[in-house]
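> Going by the working numbering, the first residue of the sequence shown is number 678, and it counts up by one from there. Cβ coordinates follow ideal geometry from the N, Cα and C atoms, glycine included. A quick note: this is a predicted structure, and the numbers were derived from the prediction, not measured. Attaching a single structure in structure tokens format; questions to follow.
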Amino acid sequence: MTLNFAKKSLLGAALSGLVSLSAQAGTVEVLHYWTSGGEAKSAAVLKQLLEQEGHQWKDFAVAGGGGESAMTVLKSRAVSGNPPGAAQIKGLDIQEWADLGFLTELDAVAEKAGWDSMLPGVVSDVMKYEGHYVAVPVNVHRVNWLWANPEIFTKAGVSVPSTWDEFFVAADKIKAAGYIPLAHGGQAWQDATVFEAVALGVGGAEFYRKAFVEHDQTTLTSPTMVKVFETFKRLRAYIDKDAAGRDWNIATAMVINDKAAMQIMGDWAKGEFAAAGQVPGKDYICVAAPGTQKGFTFNVDSFAMFEVKDDGDKQAQADLARLILEPEFQETFNLNKGSIPVRTGLPRDKFDSCAHTSMDDFVATAKSGGLVPSMAHGMSTTSAVQGVIYDVVTNYFNSDSLSAEQATERLAKAVKAAI
Ligand code: BGC
678 MTLNFAKKSL LGAALSGLVS LSAQAGTVEV LHYWTSGGEA KSAAVLKQLL
728 EQEGHQWKDF AVAGGGGESA MTVLKSRAVS GNPPGAAQIK GLDIQEWADL
778 GFLTELDAVA EKAGWDSMLP GVVSDVMKYE GHYVAVPVNV HRVNWLWANP
828 EIFTKAGVSV PSTWDEFFVA ADKIKAAGYI PLAHGGQAWQ DATVFEAVAL
878 GVGGAEFYRK AFVEHDQTTL TSPTMVKVFE TFKRLRAYID KDAAGRDWNI
928 ATAMVINDKA AMQIMGDWAK GEFAAAGQVP GKDYICVAAP GTQKGFTFNV
978 DSFAMFEVKD DGDKQAQADL ARLILEPEFQ ETFNLNKGSI PVRTGLPRDK
1028 FDSCAHTSMD DFVATAKSGG LVPSMAHGMS TTSAVQGVIY DVVTNYFNSD
1078 SLSAEQATER LAKAVKAAI
């Protein structure tokens, strides 16, 4: 009875043009970690488009910013021989999963839609394993942003900083005016997100690349790295005492709700401002993190498909992969998510000023050499190396047991051992 009704209403919707039923309907279980307000709105766009094709979306959301918990769950499902049909994995992890033989090739979908001609090379390279597409990119997030509350800046009588020196001057005045200068959540991935912004600001793109992409020992042990650690530690004095364990979106809410003046976070934070009805340039300000105007740390979200047996489920996976790069999804999803479309050449009129800056800077930094992969978000290195960097950074930031020199030495040794 219920099933009949469901079929009938689906058929009715199909006839009225709302749903285009695929030849074979199936189900995709989708593992993701998009659970904050802005993120959930974004994930819902994909679910809706998939369902419009007559397929079912089985939601498998694992909360936890940065996706560490989601990756742990994915590993245990894969090890027990029962991975989800699609999972939000990215960067060098894609190569690792493909190397283990888990991923489905997406070449047929990619060729038909012409992915090679619509994606920047820096992105398509990461989506391919041995020349074959095994993942589909969703967006481009910029990580090195500073989000600011203009009202608090006005009250404190300072302007939004563009260098680290200016940052500390402004932060002192904001503190004196009775506000929390920096909203932050004490979680390892958030510490690493701020650390890499400091590294880019203090050392520049070449230093950043040598340290976090090439793992060059001379750079990792350099006086510049000591300065990065020193600058990073100074931020502690401007974060409130309740930061430990706080989720990133709660920190963003502190800027939205006039409690804190700034947050250093990728532009998924913009999804929170947007979900709260705030407008850039008026209710909040977005600028490059101090000293990083000529740099762009990119973070590309993507989905990979795991082998499934059922033909309908295979079709659902192929349709999901195709939909992700279609203009409709690229626009609506990225408007909600705070990121910019990964597909080039789409109209930009619906996007706000922060997104326009990001789009322009992505192109400009790709030419100038300032475009660098985010270490904190799995773009620059393997999860093993990323893990040891997280450990050193977070231990140093949250205790006083190490000097900046000792942290530098420890980082270099840990990276060397983990490569
Ligand atoms: C992901 C974003 C996500 C953020 C917070 C990043 O690593 O790329 O899509 O919104 O973490 O969870």
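Under 8 Å by Cβ, that's how I've got ASN976 and HIS818 pegged, so tell me the actual separation to the nearest angstrom.
Correct: roughly 4 Å between the Cβ atoms.
> Does the ligand NAP have even one heavy atom less than 8 Å from the beta-carbon of GLY714?
Judged by which ligands are present, the ligand NAP is missing from the structure shown, whose ligands are the ligand BGC.
> Whole angstroms are fine: how far does the CA of LYS735 sit from the CA of ALA928?
30 Å
> Please classify GLY855: is it buried, with 16 or more other beta-carbons within 10 angstroms of its beta-carbon, or exposed?
exposed
> DSSP state of THR898, grouped into three classes?
coil
> Looking at C-alpha atoms only, which residue of GLN765, SER899 and VAL820 is the closest neighbour of GLN1083?
SER899
> According to DSSP, is TRP945 helix, strand or coil?
Secondary structure at TRP945: coil, using DSSP grouped into helix, strand and coil.
> I need the DSSP call for LYS805, collapsed to helix, strand or coil.
strand
> HIS861 by DSSP, collapsed to three states: which one?
Residue state, collapsed to three classes: coil.
> Run the proximity test for ASN976: is its beta-carbon closer than 8 Å to any non-hydrogen atom belonging to the ligand BGC?
yes
> Does the Cβ of SER1078 have 16 or more other Cβ atoms within 10 Å, making it buried, or fewer, making it exposed?
exposed
> For the candidate residues PHE889, VAL875 and THR896, whose alpha-carbon lies nearest to that of GLU907?
VAL875
> Taking the alpha carbon of PHE1010 as the point to measure from, which residue in MET795, VAL815, ALA763 and GLN733 has its own alpha carbon closest?
VAL815
> Any chance the CB of TYR1067 is under 8 Å from a heavy atom of the ligand BGC?
no
> To the nearest angstrom, how far is it from the Cα of PRO827 to the Cα of GLY922?
27 Å
> Report yes if the CB atom of MET982 is closer than 9 Å to the CB atom of GLY762, and no otherwise.
Yes, the pair counts as a contact, with Cβ atoms nearer than the cut-off.
> In three-state DSSP terms, what is ASP736?
strand
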